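Asker:
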Amino acid sequence: MLDDVDLEYRVSLGDREVGRAFRRVELHAPDSVRFGSRAEVGPGTVEQSIVAGLPGLDYRSGVTTSADGRGPPGSLRREGDRLVGTLPGGRVIDLTLPDGAVVADLLEPSLWAADLEAEGRYRAVVTNREGTDTRWAAIQVAEADTVTVPGGTFPVYRVEVTGPENLTLWVLRTSPHLTVRLDTGTGVVLELVQGATPAPSRPGGPSGPPFPR
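So, in structure tokens, the structure goes:
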């Protein structure tokens, strides 16, 4: 299950540290959870807050600021099968979400809550906030491993995601499967600095259903 937690990451480009990223998970209401994030890279800061329903982590609402802090923040909300609102800068969004689709901003938190198994294969329909790219994402869980980051040495699964974005994640083996290391495939890497214990956390059931195989 997803518990309240604060996470801090080092952001690197190649072998150079370029900033920090912060994430927060907190129970928003009995039937919803809030995911907050802030990325501080160079002179820009991007903040995002998403509310998702439980147990399936369906997108309910989200607010995103622009990197330069200019213009109004983007604000989206779920209305039935539609995602409506604006992006940072004012672009209007009104799109129909395919049945069972995961909004791309919630793909990583969905992995945290999923019932992952070593060498498991999963798939999900993923759509971006703009509605310009909707496709299947293939999720491959590799063998159990360990990884060392600034925050310690952790028992992890390596997870390969191929789809709208190609990502490699090292997530805790125990539930919730919080991200320890993230390779975006663009040269940018996030590594956990603090927020999770190197010792195995308690096993627990997922907050949402596993991805379909």
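Numbering (my numbering), first residue to last: 10 to 222.
The beta carbon of each residue, even a glycine, is placed where N, CA and C say it ideally should be.
Computed from a predicted structure; not experimentally measured.
If contact is defined by three or more beta carbon pairs under 8 Å, each pair taking one atom from either stretch, is the segment 180-190 in contact with the segment 113-130?
Answerer: Cβ pair count under 8 Å is three or more, so yes.
Asker: Please classify P52: is it buried, with 16 or more other beta-carbons within 10 angstroms of its beta-carbon, or exposed?
Answerer: Classification of P52: exposed, given that the 10 Å Cβ count is below 16.
Asker: To the nearest angstrom, report how far apart G71 and A38 are at their CA atoms.
Answerer: Roughly 15 Å between the two C-alpha positions.
Asker: Return the first residue and the last residue of the beta strand (DSSP E) that E152 is part of.
Answerer: Note, E152: beta strand (DSSP E), T143 to V158.
Asker: Would you call the segment 131-145 in contact with the segment 192-202, where contact means no fewer than 3 C-beta pairs closer than 8 Å?
Answerer: Cβ pair count under 8 Å is below three, so no.
Asker: If you count every other CB in all the chains shown that lies within 10 Å of the CB of E117, and 16 or more means buried, which is it?
Answerer: The residue is buried, with at least 16 neighbouring Cβ atoms inside 10 Å.
Asker: Once the 5 residues before and after S21 are set aside, which same chain residues still bring their CB inside 6 Å of it?
Answerer: V198, listed in sequence order.
Asker: Report back the beta-carbon spacing between A146 and V170 to the nearest angstrom; my notes put them in contact at under 8 Å.
Answerer: So it is a contact: roughly 6 Å between Cβ atoms.
Asker: Quick one: grab the DSSP three-state call for P118.
Answerer: Helix, per DSSP.
Asker: According to DSSP, which residues form a beta bridge with E88?
Answerer: According to DSSP, E88 bridges with R91.
Asker: For a quick check, are the C-beta atoms of L16 and R32 less than 8 Å apart?
Answerer: Cβ distance < 8 Å, so L16 and R32 count as in contact.
Asker: Going by other Cβ atoms of all chains shown within 10 Å of its Cβ, with 16 needed for buried, is V168 buried or exposed?
Answerer: Buried.
Asker: Could you spell out where the beta strand (DSSP E) holding H37 opens and where it closes?
Answerer: First-last of the beta strand (DSSP E) with H37: R25 to A38.
Asker: Cα-Cα, which of L181, F44 and G89 is closest to Q57?
Answerer: Cα-wise, what sits closest to Q57 is F44.
Asker: Counting only the same chain and skipping the five closest in sequence on each side, list residues whose C-beta sits under 7 Å from that of A208.
Answerer: Bear in mind that a pLDDT of 42 at A208, under 50, signals an unreliable position, so the model cannot answer this.
Asker: Measuring alpha carbon to alpha carbon, tell me which residue in V27, V55 and I59 is nearest S41.
Answerer: Of the listed residues, the one whose Cα sits closest to S41 is I59.
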